[in-house]
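Chains as they are written, first to last, in the numbering used here: chain F, -8 to 325; chain Y, -8 to 325; chain R, -8 to 325; chain P, -8 to 325. Quick reminder that beta carbons are idealized off the backbone N, C-alpha and C, glycines included.
Protein chains: 4
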Amino acid sequence: MIPEHQRDVYRAFLEQSFRHAGMGDWLARLPEQFARGLDRQRHGDLPAWEKAVAKLPALPDKRQVQLDRDEVTVELELDDSRRRQSENLLRALMPWRKGPYRLAGIAIDTEWRSDWKWQRLAPHLSPLRGRRVLDVGGGNGYHAWRMAGAGADFVLVIDPSPRFYWQFQAVKHFVGDADGGRTHFLPVGIDDVPQGLGFFDSVFSMGVLYHRPSPLDHLIQLRDALRRGGELVLETLVVEGDETRVLVPGDRYAAMPNVYFLPSSRALVGWLEKVGFRDVRVVDEAPTSLEEQRSTDWMTFQSLGDFLDPERPHLTREGHPAPRRAVVIATRPA
Amino acid sequence: MIPEHQRDVYRAFLEQSFRHAGMGDWLARLPEQFARGLDRQRHGDLPAWEKAVAKLPALPDKRQVQLDRDEVTVELELDDSRRRQSENLLRALMPWRKGPYRLAGIAIDTEWRSDWKWQRLAPHLSPLRGRRVLDVGGGNGYHAWRMAGAGADFVLVIDPSPRFYWQFQAVKHFVGDADGGRTHFLPVGIDDVPQGLGFFDSVFSMGVLYHRPSPLDHLIQLRDALRRGGELVLETLVVEGDETRVLVPGDRYAAMPNVYFLPSSRALVGWLEKVGFRDVRVVDEAPTSLEEQRSTDWMTFQSLGDFLDPERPHLTREGHPAPRRAVVIATRPA
Amino acid sequence: MIPEHQRDVYRAFLEQSFRHAGMGDWLARLPEQFARGLDRQRHGDLPAWEKAVAKLPALPDKRQVQLDRDEVTVELELDDSRRRQSENLLRALMPWRKGPYRLAGIAIDTEWRSDWKWQRLAPHLSPLRGRRVLDVGGGNGYHAWRMAGAGADFVLVIDPSPRFYWQFQAVKHFVGDADGGRTHFLPVGIDDVPQGLGFFDSVFSMGVLYHRPSPLDHLIQLRDALRRGGELVLETLVVEGDETRVLVPGDRYAAMPNVYFLPSSRALVGWLEKVGFRDVRVVDEAPTSLEEQRSTDWMTFQSLGDFLDPERPHLTREGHPAPRRAVVIATRPA
Amino acid sequence: MIPEHQRDVYRAFLEQSFRHAGMGDWLARLPEQFARGLDRQRHGDLPAWEKAVAKLPALPDKRQVQLDRDEVTVELELDDSRRRQSENLLRALMPWRKGPYRLAGIAIDTEWRSDWKWQRLAPHLSPLRGRRVLDVGGGNGYHAWRMAGAGADFVLVIDPSPRFYWQFQAVKHFVGDADGGRTHFLPVGIDDVPQGLGFFDSVFSMGVLYHRPSPLDHLIQLRDALRRGGELVLETLVVEGDETRVLVPGDRYAAMPNVYFLPSSRALVGWLEKVGFRDVRVVDEAPTSLEEQRSTDWMTFQSLGDFLDPERPHLTREGHPAPRRAVVIATRPA
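Written out as structure tokens, the structure reads:
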């Protein structure tokens, strides 16, 4: 039986499938994808996360939801006891990486100032109003709420992490119906998107490419998820250099074990063109600052500062160039 | 893309799938089942039927729908030209076998007086109010409308004939929303019902068993479509005799090529008990009369009278006993 | 890795697949079929049976094998200690139902005098020399050895019982290469034969039909395993009576729980004709005698005598007519 | 039905599958792989190639086969008419790219002096005697015959080009049984090798990596086809530079449209280590000479010389560095 927390996704997919056959194919796979993505074998804490969300207190209908602020904000009346209870439950879902959020007065200070990334991106985007958007590897959904706040018609986060799924559900508990049921989350990866879908007006892939052993195939998957004429927003780690400069770190990069190709932004532009994107442009490129990514009260593990060489902060502790990120926007030709 | 005329079925299945996992599995198969069931390769006239239904005139919202009369009746204002057009389009779907209907004053006099069968059955049924009902081999849906008229919550006709699908859609065009979206049709056979579904409160199989090469397997399929405690209504051709009397006609029976097992009603009771039904009782048994099944203005081919031996009307023209039908009601144990 | 005892089957299937595409398809399924058929989950004693066969002593090359006698006979020199060991291991595979065998002087007196059945059948068969033969439900393979003895080119027993598989392997240990590698066994049922195979010159189904819930489908499967022009030999339980007499016993028949349709032999002829066999004739019909099926030193459980009504031996203890068997031979039209 | 020219492959796979379960899985897929690989839809000339091989004249049993010379050589008596006929049929399979061959006195002068590559490679290989070898993208099989000549026990070429399949069959017609049935060809690509096979002692991939959109995945596939402790021989196009130098050419490279990653040999070593190879060493690296790859009487299309910039022969005509190749040998850890 399909549980409550999945039903909005099903209804939204069904309505989208009335517009596009491929979404019907995807709908047919949802039961298996949910079952796999939320399989309790995947993480010992999964039952605890599910329970934490289930225990969040019932909230008053009267609330003010602001999805177009730096902090994704839900204002509502909550007595102290319920606020404390809510905060404890939200903390049970830690670490919180993408944010910030302010929910019933509870400020969730996340590892990333994802709002800064959004500020750098937003001016370059085709206006999101009315668009169908896919956010690949979208974490707990922070950017998705911002996309809905910018008027997108249907926003779908996919991220294989079940923790992020439950963080998203927790935020959704506070947002309620205020987004008009436009924001959704599937606990799957890009490989679970039906091949050649050709549906979305905009596709975001931020912080994913360097985790993929085959970057060209990833770009092809992103291209094929877009309708013809649709827009890709790609953000990834890059290195400095000309169009033949590509770092493939050995064992680890900034303590991460699963890092593959770090191209220069010029090489990345070439790759995007090679797989058929047009109008490719780098709209932002900069080293990641220790202010943008750091440990907080809601993410108490090590963060960027710990992964750099203390003596030579332009290098990671493995001796690679320190994190530098580029945002590239490109169009799938019509 | 899912066409308009299928969307109600999808929405209904989605809502049912929130109550029962098996209906979600079935939902996932609908695209393939519709595609196969309505495949234009199946019958040369399929495009004509589809077009006929599409051309039916727009109807006024104000209408009176009566699903609890012998004639399934829709009363509404229609000018003469539109009525003539409607009648011509409905006739393009001939032959009409199950009925009768009266739609905007157009009386569809069908081969069968299916209302007579309903009258004999209805007093013996567990009350249909609130039940989920499957009508296997339900023809153009006449009995389904009657079930909705009796208060069923969800009525699903399955019949592999695409002609009946479009006849159903034509009637639905007249009924509109008056049934509260409770009556649905899938162009598939019993083999397309997910195995071991265990969902329906009532399952009807009328006029199907003798067409099945494996009657026991058919009874098992019907049993497994029912929830535990659910009710089967089975109607089929029988012969007279004791519990070891079973006719398997050779080439044809009453001109039909695909007729397999005709048990006595006592043998049939034994079969039902063998596959696990309980509380099995024969509620009706009688020869089929030439008044109940005959050629009409809406079914101009040969009918029962033509298939009997003119000299010895108690025999078919192949020399088998003339059609005799029994209705058996049985319960799947809890 | 494919174990030793399966390799002859693979090699034989590969050579047959050079003559018929369908056998290549089947070959491709052998790994899965062996794995499933010999899955140790299926019977707690399976490892013991496998071990018993593995422990059978190495035998001298010099031996005399006679597959055309009532007793399937292998004569060879064996010292007393090895003979005792062999007998103990063969007894570990009890109960032995089909036979008799005489292996290195060890007389296996089986529940059935299967040689009597063979004597009644053999005169009516198309000569087996050079034919490819399938024996459906062939038990431990007694009849298969007799078919090889009659000159068949390729004999395949299928029987889902893993005990019978290991009994067959035990006998094969004694027969060695003397049959020219023409006799094979797969631990599968008729449902595992690829649909529409159309390969075998002769198909035997003895003692299977009454165990099938759908007798017509079984006849169709047998027909489709035959090449056009091939010959079916069908033996099953029947009742006395005309062509509309069919017994479907309730719970049990002669203590067996899974018994479905027992037609009269005249009804059975009609069924065979209905599914397209031609030249259908009953070559033998008789009650099963207490001499032909009985408990022995190698099958110490209850047998036929225990399943009849002691007062009225023409009835089973459930009150059904006592076992009566017919053999019908039929041809798949060219 | 499995055709003659495939049967040796089936028999060889069956025997290998007795040693390794994975080869049984692969065997099961051969029918589908042959059907797809030799599907006449794939190339309009396929029927002509098949017919050319079928028309090759019957050859005397007496022949001398030398697989350890630069020219793969078969000496036998053939009258002039049959030799002319043979040469015409062999020319019907043009272009011939890998060689050279000398068959019944017919010298096939191929585009590549593949013997030169072999000479450079051979001293660095673990001795091939008794090994099971996979040659990925092995063209018409020239190197495979050399591997058999060096004593390999089972040599399997995979190459998706059906032309190369028929060139291999033509050569095999001359070689006959002289290789002891150790040399085989499947018309498939690396993606058709069962995942995680872990079977081969040596795997060669020469001239393939730069055609793969995902070089890391290719290296992983090669690794997984090897048994633990097995040896990879990888040859591919490289560029000069340090370990972060990687060329991904745009539209074309030396006129080839499907060229992806050209790493420096140092980068390539890093990639091999990243996916788990050990003892990685570059055993050869050099520009490709116009003597080693050129148009000939048996390959009359353009060749390397035509794809370079006439003014600046160290560049391709697209302006990329001219072809430079490295051979790397590596071990899958035990």
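Rounding to the nearest angstrom, what Cα-Cα distance links Y:Lys163 and F:Gly121 in this structure? Within the second sequence, residue 163 of chain Y is the residue found at index 172, counting from 1. Within the first sequence, residue 121 of chain F is the residue found at index 130, counting from 1. Between Y:Lys163 and F:Gly121, the C-alpha separation is close to 34 Å.
Helix, strand or coil at P:Ser256 [DSSP, three-state]: Sequence index remark: in the fourth sequence, residue 256 of chain P carries index 265 (1-based). DSSP places P:Ser256 in helix when its eight states are reduced to three.
Can you tell me where the alpha helix (DSSP H) holding Y:Tyr92 begins and where it ends? As a first step, residue 92 of chain Y is located in the second sequence; it is residue number 101 there, counting from the start. Looking at the DSSP string, Y:Tyr92 is not in any alpha helix (DSSP H); the run it does join, the beta strand (DSSP E), is Tyr92 to Leu94.
For P:Lys46, which residues of its own chain have a beta-carbon under 6 Å away from its beta-carbon, when the five flanking residues on both sides are left out? Along the fourth sequence, one-based indexing puts residue 46 of chain P at 55. Closer than 6 Å at Cβ, skipping near neighbours: Leu80.
Could you list the residues in the stretch -2 to 20 of chain Y with a C-beta less than 8 Å from some C-beta on chain F, going in chain order? Arg(-2), Tyr1, Arg2, Leu5, Ser8, Phe9, Arg10, His11, Ala12, Gly15, Asp16, Leu18, Ala19 and Arg20
Does any residue of chain F bring its CB to less than 9 Å from the CB of Y:Pro22? Counting from 1 along the second sequence, the entry for residue 22 of chain Y is found at position 31. So yes, Y:Pro22 belongs to the interface.
Go through the stretch 130 to 165 of chain P residue by residue and report every complete run of the alpha helix (DSSP H) that reaches 4 residues or more, in order. Complete alpha helix (DSSP H) runs here, min 4: 133 to 140.
Between P:Asp208 and F:Ser205, how many whole angstroms is the CB-CB distance? I'm expecting something under 8 Å. Position 217 of the fourth sequence holds residue 208 of chain P. Position 214 of the first sequence holds residue 205 of chain F. At roughly 5 Å, the Cβ-Cβ gap stays under 8 Å, so P:Asp208 and F:Ser205 are in contact.
Have a look at the DSSP bridge pairing and note the partners of P:Glu66. Sequence index remark: in the fourth sequence, residue 66 of chain P carries index 75 (1-based). Note: P:Glu66 sits in a beta bridge opposite P:Gln55.
Residue from R:Arg257, R:Val250 and R:Leu217 whose Cα sits closest to the Cα of R:Arg203: Here the question's residue 203 of chain R lines up with position 212 in the third sequence. For R:Arg203, the nearest C-alpha among the options comes from R:Val250.
Can the beta-carbon of P:Thr291 be found less than 9 Å from the beta-carbon of P:Pro51? Locating residue 291 of chain P in the fourth sequence gives position 300, counting from the first residue. Locating residue 51 of chain P in the fourth sequence gives position 60, counting from the first residue. No. Outside cutoff.
Beta-carbon proximity list for P:Met327, same chain, < 6 Å, skipping 5 on both sides: Since the first and last residues shown for chain P are -8 and 325, residue 327 of chain P lies out of range.
Residues in the stretch 200 to 215 of chain P having any Cβ partner in chain F nearer than 7 Å: Pro204, Ser205, Leu207 and Asp208
Looking at the C-beta of Y:Met(-8), does it have a partner C-beta in chain F at a distance below 9 Å? Here residue -8 of chain Y refers to the residue found at position 1 of the second sequence. Yes - at least one Cβ of chain F is within 9 Å of the one on Y:Met(-8).
Nearest to P:Thr335 by alpha carbon, out of P:Val124, P:Gly130, P:Leu217 and P:Asp215? With chain P covering only -8 through 325, there is no way to say anything about residue 335 of chain P.
Compute the beta-carbon to beta-carbon distance between F:Ala95 and F:Leu69, rounded to the nearest angstrom, for a pair I have assumed lies under 8 Å. On the first sequence, position 104 is the one that residue 95 of chain F refers to. On the first sequence, position 78 is the one that residue 69 of chain F refers to. About 5 Å separates the two Cβ atoms, so the contact holds.
Backbone secondary structure at F:Ala277 - three-state DSSP: For this step, residue 277 of chain F is matched to residue 286 along the first sequence. F:Ala277: strand per DSSP, three-state reduction.
Taking all protein chains shown into account, decide if P:Met14 is buried (16 or more other Cβ within 10 angstroms of its Cβ) or exposed. As a first step, residue 14 of chain P is located in the fourth sequence; it is residue number 23 there, counting from the start. Answer is buried; the Cβ neighbour count reaches 16.
Please report how far the alpha carbon of R:Leu306 lies from the alpha carbon of R:Ala245, in whole angstroms. Numbered from 1 along the third sequence, position 315 holds the residue referred to as residue 306 of chain R. Numbered from 1 along the third sequence, position 254 holds the residue referred to as residue 245 of chain R. The alpha-carbon atoms of R:Leu306 and R:Ala245 are separated by roughly 9 Å.
Where F:Gly270 falls: helix, strand or coil (DSSP): The residue you call residue 270 of chain F lines up with position 279 of the first sequence. One detail in the question is off: residue 270 of chain F reads as Asp in this sequence, not Gly. F:Asp270: strand per DSSP, three-state reduction.
F:Met197 lies in the beta strand (DSSP E); which residues open and close that run? Here residue 197 of chain F corresponds to residue number 206 of the first sequence, with the count starting at 1. Element bounds for F:Met197: Phe191 to Met197.
Mark P:Ala317 as exposed unless 16 or more other C-beta atoms lie within 10 angstroms of its C-beta, in which case mark it buried. Here residue 317 of chain P refers to the residue found at position 326 when the fourth sequence is read from its first residue. Residue burial is scored here from C-beta neighbours: P:Ala317 has at least 16 other C-beta atoms within 10 angstroms and is therefore classed as buried.
Could you check which residue in F:Leu29, F:Val224 and F:Pro178 has the C-alpha nearest to that of F:Leu200? Here residue 200 of chain F refers to the residue found at position 209 when the first sequence is read from its first residue. It is F:Val224.
Hey, could you find the ends of the alpha helix (DSSP H) Y:Arg75 is sitting in? Position 84 of the second sequence holds residue 75 of chain Y. Bounds of the alpha helix (DSSP H) holding Y:Arg75 are Asp71 to Arg82.
What do you reckon, are the CB atoms on F:Leu217 and F:Phe190 nearer than 9 Å? As a working mapping, residue 217 of chain F is identified with position 226 in the first sequence. As a working mapping, residue 190 of chain F is identified with position 199 in the first sequence. Cβ distance < 9 Å, so F:Leu217 and F:Phe190 count as in contact.
Any C-beta of chain P under 9 Å from that of F:Thr322: Counted from its first residue, the first sequence places residue 322 of chain F at position 331. Judged by the 9 Å Cβ criterion, F:Thr322 is not in contact with chain P.
Classify Y:Leu281 as buried or exposed, calling it buried when 16 or more other Cβ atoms lie within 10 Å of its own Cβ. Within the second sequence, residue 281 of chain Y is the residue found at index 290, counting from 1. Exposed, since its Cβ has fewer than 16 Cβ neighbours within 10 Å.
Contact under 9 Å by Cβ, R:Phe195 with R:Met247: Translated into the one-based positions of the third sequence, residue 195 of chain R becomes position 204. Translated into the one-based positions of the third sequence, residue 247 of chain R becomes position 256. Not in contact: R:Phe195 and R:Met247 (Cβ atoms no closer than 9 Å).
Counting only beta-carbon atoms, is F:Val230 nearer than 9 Å to chain P? Taking the first sequence and counting its residues from 1, one reaches residue 230 of chain F at position 239. True, the Cβ-Cβ gap to chain P drops below 9 Å.
Hey, could you find the ends of the alpha helix (DSSP H) Y:His209 is sitting in? By 1-based counting over the second sequence, the position of residue 209 of chain Y is 218. Its alpha helix (DSSP H) spans residues Pro206 to Ala216.
Listing by chain order, which chain F residues have their CB less than 7 Å from the CB of P:Phe265? Counting from 1 along the fourth sequence, the entry for residue 265 of chain P is found at position 274. Going by the sequence as given, residue 265 of chain P is Lys instead of Phe. Simply Val239 and Gly241.
Expressed to the nearest angstrom, what Euclidean distance is found between the alpha-carbon atoms of Y:Val266 and Y:Arg10? Taking the first residue of the second sequence as 1, we reach residue 266 of chain Y at position 275. Taking the first residue of the second sequence as 1, we reach residue 10 of chain Y at position 19. Y:Val266 and Y:Arg10: Cα-Cα distance of roughly 27 Å.
Identify the contact partners of P:Ala258 in chain F, using a Cβ-Cβ distance below 8 Å as the criterion. Position 267 of the fourth sequence, counting from 1, holds the residue named residue 258 of chain P. Residues of chain F passing the Cβ test: Val237 and Val239.
Residue closest to Y:Trp107, alpha-carbon to alpha-carbon, out of Y:Pro304, Y:Arg123, Y:Gly90 and Y:Leu295: As a first step, residue 107 of chain Y must be located in the second sequence, where it is residue number 116. Measuring from the Cα of Y:Trp107, the nearest candidate turns out to be Y:Gly90.
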